[in-house]
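Every letter in the sequence shown is one number past the one before it in our numbering, and letter 23, counting from 1, is 29. Each residue gets a CB set at the ideal place from its N, CA and C atoms; glycine is no exception.
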Amino acid sequence: VQLQAFGGGLVQAGGSLRLSCVASGSTFRINVMGWYRQAPGKERELVASITSGGSTNFADSVKGRFTISRDNAKNTVYLQMNSLKPEDTAVYYCNADAIYSGVPWYYWGQGTLVTVSS
Numbered sequence: 007v008q009l010q011a012f013g014g015g016l017v018q019a020g021g022s023l024r025l026s027c028v029a030s031g032s033t034f035r036i037n038v039m040g041w042y043r044q045a046p047g048k049e050r051e052l053v054a055s056i057t058s059g060g061s062t063n064f065a066d067s068v069k070g071r072f073t074i075s076r077d078n079a080k081n082t083v084y085l086q087m088n089s090l091k092p093e094d095t096a097v098y099y100c101n102a103d104a105i106y107s108g109v110p111w112y113y114w115g116q117g118t119l120v121t122v123s124s
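Rendered as structure tokens:
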């Protein structure tokens, strides 16, 4: 499985951005897709995830501001980020887990930088 992320950039506080991540390869094995982020000097953290059935999970810090969606036909997951705050500034990474013989393997896309100016 390969993941390619798009959509980072510079935005003012209060603005919006949408990130996209396209999966290729053995996409039929993918279960959960999601987004993590890593700010300078901090550990990578889960932002949001979505299962193949559409169940979602969000970090408390983004609930009510971010939404995650998935187009299984296009093997793409989206992260819509609204009401952005300077503390959302980070490198955002797409993530997917694919199941092989009942064992999950985890894949990462290249990071995409999101910078929110105050």
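Report the residue from the options whose alpha carbon sits nearest the alpha carbon of residue i.
i: residue 109; options: 35, 67, 18; result: 35
i: residue 29; options: 12, 107, 96, 91; result: 12
i: residue 73; options: 124, 105, 24, 100; result: 24
i: residue 49; options: 21, 98, 106, 59; result: 98
Where residue i and residue j are concerned, what is the direct C-alpha to C-alpha distance, given to the nearest angstrom?
i: residue 17; j: residue 76; result: 24 Å
i: residue 112; j: residue 92; result: 29 Å
i: residue 1; j: residue 85; result: The question about residue 1 has no answer here: the residues shown for the chain are numbered 7 through 124.
i: residue 124; j: residue 82; result: 30 Å
i: residue 89; j: residue 42; result: 18 Å
Is residue i helix, strand or coil when you go by DSSP?
i: residue 49; result: coil
i: residue 71; result: coil
i: residue 33; result: helix
Please return the same chain residues whose Cβ sits closer than 6 Å to the Cβ of residue i, not counting the five positions on each side in sequence.
i: residue 38; result: 55, 57, 103
i: residue 33; result: 81
Does residue i come within less than 8 Å of chain D when only Cβ atoms are used?
i: residue 53; result: The structure shown contains no chain D; it holds only a single protein chain.
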